[in-house]
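S.K.:
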Amino acid sequence: MYFYEGRGLLLLTLLAALQIATESRGTLPLCRPGFSEDVYVAVVPESAEKGQPLFNEVSGHCRPSQLQSDANGRRRGCNGFPPLLRRRSRKDRTNMQRVKFVNCGRGGLVRFECSNPFDFRIEADGVVYALRPLTLSTLPTVPLVIIARDKTNQQQWQTQVRLTPPVGQDQQAQDIQAPPARSQGLQEIWFPSRQTDSSSIGQLKRMKRDWVIPPINVPENSRGEFPQDLVRIRSDNDKNRSLRYSVTGPGADQPPTGIFIIHPISGELSVMKPLDREHISNFHLRAHAVDLNGNQVESPIDIVINVIDMNDNRPEFIHQIWNGSVPEGSKPGTFVMTVTSVDKDDPKTANGMLRYKIGSQNPESPTSNMFTINNKTGDIITVAAGLDREKVPQYTLIIQATDMEGNPMYGLSNTATAVIRVTDINDNPPEFTAEMFFGEVPENRVNVIVANLTVTDKDQPNTLAWKAVYKITGGDPTGRFSVPTDPTTNEGLVTVVKPIDYEISRTYMLTVVAVNEVSLARGIHSPRQSTATVSIRVIDVNESPYFDPNPKLIKLEEGMLAESTLTTFTAQDPDRFMQQSIRYTRLSDPANWLRIDANTGRITTIAVLDRESPYVKDNMYSATFLASDNGVPPASGTGTLQISLLDINDNAPHVYPQETEMCKKPEPNGINITALDGDLNPNAGPFAFELANRPSDVRRNWTITRLSGDYAQLNLKIGFLESGIYEIPIIITDSGNLPMSNTSYLRVKVCQCDHNGDCTDQQHIIAAGLGTGAIIAILLCIIILLILVLLFVVWMKRRDKERQAKQLLIDPEDDVRDNILKYDEEGGGEEDQDYDLSQLQQPDTIEPDTIKPVGIRRMDERPLHPEPQYPIRSAAPHPGDIGDFINEGLKAADNDPTAPPYDSLLVFDYEGSGSTAGSLSSLNSSSSGGDQDYDYLNDWGPRFRKLADMYGGSDD
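For the sequence shown, my numbering assigns the number 75 to the initial residue and increments by one for each residue that follows.
Spelled out as structure tokens, the structure:
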């Protein structure tokens, strides 16, 4: 890889000389960090392997006055970098390429980056490596941008490296030594010149107003070779010294980067790739001119690059299918719909100016040009008459949009589909399918469909223009029929809404007109077929007899005796053309007071009518009767007879209230009473109150005073009366025409009262005043309780008897007294066994439940004697005390007064016949009797003396 190293070294040498001269004058110039070149040309070999270093040194340069030496006198360079000028071999100059950067003492604070991190990587020491194999065919065409960034203040500097294929050494030398070529005829943009006043030397310079740089127009989608030169940036100061040009802004060093570059020496601004106006329509760049040290020489100038639009986009419809509608019968010029298309090209140019037209119409009926479209707005309107939904319900139009103002030769086109639906209007009236319809209905039936009227309508089904409405215009003056519409079939349902009487009219002729729910369109009239006639025949049926009037009201005095005739309640048969007879029956008679004659309908009484009966409500008694004819099928009707009963004086009055309370020492106020009478006025009050003559103490202790016609007051004559309940007979007489009297008993509870006048001994009074019913109830409870106790005692006795009977059924093997107990135990002998001696105790220690009851014994048992009360003996604690145990048993037996004599016959429990064991007499002792001393048996009591004589005596 080769760089323009010769010219750079020469410039650096001149700069170093100038720096030395300046330092000799005592002035230290300001160090400007930056790259030594803005553009480097690097020759890349034909192939580079992955990981191969391309730039293996990034070094800075400084002035000779900044050079440092080590301890051996060798130059170390400035700020720790290798020396700037050192002798290299030809091979070094060929393979060791350098990108020089002046860091001015920043050291490791500067970090390097490259613009193509996918293909190249630059390390901290400045070495650039290839990240993938590179060949000439895959060599990037965009220059590689290397950026130096200060970590502290994020200041950055950049340079570009153009990668070129290898050429001959002579050509390389020529490229290195030759200055950058300049395009001929390229437009130049000059930085505004600075005008200095001669009298202002050493003072601030005054600059002219900046020039207005005209925008640069670049067509989009350019197919030319890249980079493509646009303009050349020039400064007047490049005649005296070397300048470096650069541009900043979106498209250069800001995203999207890499679109525009500028040659740092020649100032040629180039575009690196095709532009897309639809993506970015213009770029705003700023051009800079600095010297080799990075000092600004000229003020930045703004450059505007406009991307010129090309017709590279077809019109695009917002929707591929457009839906619209228009009523049928519309006049020409009726608006239908608007279609819209967009073009991404510049709408201010012909590239974005669209024009619309209709490509085709389907179907072409009644003409092929039923619609037209505004070529600029896309509005579709009708241009011909004759839209008829019943013939053509829908039209399909192909709409074409073309840019370039519709120029078919240069413009781009696109199409969309417009579907226009012809909507329905009421231009077809409903028409009956027949002129005459027939039906029949039985009389007295309602809500019955007599006939179905069918119509046809060419309008769209289930719309207001299709739905029919039926009206009866003649033949039904009384409104007995209606014709609702079936919502599904659109038929007219002739329905009876009021009863029809065969005896009045046998046939009906109705005139029905059918219309739609909406009015017909203008200019269309209803035809004759929209009117029909309906003939209805009425069928005679057997009608029910009816009572007239119903209900029938009669007024009678109560107390009418049985077998009295009240009235005649008859029914009429509406079937005048049928000869039928009617029979009557009683249907409802709550008090069972009435009887009706089956043939004549005469009603008589069978009991006394009583107004005070609970079946009489508000002096009114109601009974229902049934009238039935003998028709086929039989029919019946009901009638109600209402009897208003007039009151007579047939009820005696009685005192109210029937119970009251009074203190022992009553207050001056007495007890207010009144009377109740089941009769009505004037057979009720006013009432007369008086005390009965008997018992005699009533008038002696009490007095009654009349307060008004209905009220009286009962007072106590004496000053004190014992607590208790007193029944006072009072004679009450009403005011009837024949007055009725009655003796009522007023129950007065006399009690001890507190200071408020309330009884304090209510419990005593209540206890003393128990009625007969309460006493009977208490006695019944006591009797039931005694019966339950008696039944429980009988049940317990029966249970005891059953338990005693079960004792006889005990298995002898379960009796532990006379059986050998078998245990599944085997040991080492008698000495190491703990025997349970409680099994050897007398039977008296057994549980009482196991003792057989008295009077139930077998014949072979010993005679019964009173059971002795044996002392409870404890079990021996050890088998070695068996002797003590036997001694205690002997003492108990000797002291038993109930024991039989010694020579008496003892009876034992029967153990059955036969034994599998041999006789005990066959057992022989292991030692002779002479070896044993049996004299101690004499000490065990009389029961063992015989045994002692047998074994313990002499040989005799």
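From the three backbone atoms N, C-alpha and C, an ideal C-beta is built for every residue, glycine too.
Once DSSP output is grouped into helix, strand and coil, what is the label at ILE726?
M.R.: Looking at the sequence itself, residue 726 is Ala, so the reference to Ile does not match. ALA726: coil per DSSP, three-state reduction.
S.K.: When you compare the segment 704-724 with the segment 761-775, are there three or more beta-carbon pairs, one atom per stretch, that lie closer than 8 angstroms?
M.R.: Short answer: they don't touch.
S.K.: In whole angstroms, give me the CA-to-CA distance for MET736 and ILE722.
M.R.: 37 angstroms
S.K.: Please report the straight-line C-alpha distance between ARG106 and ASN369, rounded to a whole angstrom.
M.R.: 7 angstroms
S.K.: Alpha carbons only, please: which of THR559, ASP501, THR537, ASP533 is nearest the one belonging to LEU527?
M.R.: Ranking THR559, ASP501, THR537, ASP533 by Cα distance to LEU527 puts THR559 first.
S.K.: If we ignore side chains and look at the alpha-carbon of each, how far apart do ILE263 and ASP310 end up?
M.R.: 11 angstroms
S.K.: Under the rule that 16 or more other beta-carbon atoms within 10 Å means buried, what is GLU617, buried or exposed?
M.R.: buried
S.K.: So, ALA116 versus THR238, is the Cβ gap smaller than 8 angstroms?
M.R.: yes
S.K.: Does the Cβ-Cβ distance between PRO401 and THR497 come in under 8 angstroms?
M.R.: The answer is yes: Cβ separation under 8 angstroms.
S.K.: Helix, strand or coil for TYR1025 per DSSP?
M.R.: helix
S.K.: Does the contact criterion of 3 or more C-beta pairs under 8 angstroms hold for the segment 473-489 versus the segment 423-430?
M.R.: yes
S.K.: Between ILE856 and VAL867, what straight-line distance do the alpha-carbon atoms span, to the nearest angstrom?
M.R.: The alpha-carbon of ILE856 is positioned some 17 angstroms away from that of VAL867.
S.K.: Let me make sure I understand the geometry here. Which of VAL529, ILE574, ALA697 has the alpha-carbon closest to that of PRO551?
M.R.: ILE574
S.K.: Just to confirm before moving on: does the CB-CB distance between ILE447 and LYS431 stay below 8 angstroms?
M.R.: yes
S.K.: Comparing C-alpha positions only, which one of ARG223, PHE699, GLN228, SER782 sits nearest to ASP663?
M.R.: By alpha-carbon distance to ASP663, the top candidate from ARG223, PHE699, GLN228, SER782 is PHE699.
S.K.: Quick test of your reading: GLY566 and ALA588, contact by CB under 8 angstroms. State the CB separation rounded to the nearest angstrom.
M.R.: 7 angstroms
S.K.: Please look up how many angstroms separate the CB atoms of CYS825 and SER797, rounded, as I've assumed it's under 8 angstroms.
M.R.: Indeed, because the Cβ distance is near 5 angstroms, the residues count as touching under 8 angstroms.
S.K.: Please identify the residue among PHE763, LEU790, PRO338, THR714 whose C-alpha is closest to the C-alpha of GLY744.
M.R.: LEU790
S.K.: Where PHE334 and ILE375 are concerned, what is the direct C-alpha to C-alpha distance, given to the nearest angstrom?
M.R.: Distance between the alpha carbons of PHE334 and ILE375 is about 16 angstroms.
S.K.: Helix, strand or coil: which one does DSSP assign to GLU632?
M.R.: coil
S.K.: Could you pull the DSSP bridge partners for ILE221 from this structure?
M.R.: GLU187, GLN232
S.K.: Grab the span of the alpha helix (DSSP H) containing GLY513 for me, first residue to last.
M.R.: Note, GLY513: premise wrong, no alpha helix (DSSP H); beta strand (DSSP E) at 510-516.
S.K.: With distances taken Cα to Cα, identify the nearest neighbour of ILE802 among LEU812, LYS823, ASP417.
M.R.: LYS823
S.K.: Would you call the segment 347-360 and the segment 321-339 touching, i.e. three or more CB-CB distances under 8 angstroms?
M.R.: yes
S.K.: In its own chain, which residues sit with a C-beta less than 8 angstroms from the C-beta of GLU123, not counting the 5 before and 5 after it?
M.R.: ALA204, PRO207
S.K.: Output yes or no for whether 8 angstroms exceeds the beta carbon distance between ILE680 and ARG669.
M.R.: yes
S.K.: Is the distance from the Cβ of ASP808 to the Cβ of GLY759 below 8 angstroms?
M.R.: yes
S.K.: Do you know offhand how far LEU661's Cα is from THR642's?
M.R.: Between LEU661 and THR642, the C-alpha separation is close to 16 angstroms.
S.K.: Could you check the C-alpha separation between CYS178 and VAL364 for me, to the nearest Å?
M.R.: Each residue's Cα considered, the two are about 18 angstroms apart.
S.K.: Name the DSSP bridge partner or partners of ALA645?
M.R.: PHE621
S.K.: In this structure, how does DSSP classify ASP310 when only helix, strand and coil are distinguished?
M.R.: Three-state result, ASP310: helix.
S.K.: Give the straight-line distance between the Cα atoms of SER999 and ALA966, rounded to the nearest whole angstrom.
M.R.: Because SER999 sits at a pLDDT of 49, beneath the cut-off of 50, its placement in the model cannot be relied upon, and the point is left open.
S.K.: What residue range is occupied by the uninterrupted beta strand (DSSP E) comprising LEU715?
M.R.: 710-720
S.K.: Please report the straight-line C-alpha distance between ASP1023 and ASN1012, rounded to a whole angstrom.
M.R.: 8 angstroms
S.K.: Taking 8 angstroms as the cut-off, decide whether the C-beta atoms of GLY433 and GLN474 are in contact.
M.R.: In this structure, GLN474 lies closer than 8 angstroms to GLY433 by Cβ.
S.K.: Three-state secondary structure (DSSP) at VAL568?
M.R.: strand
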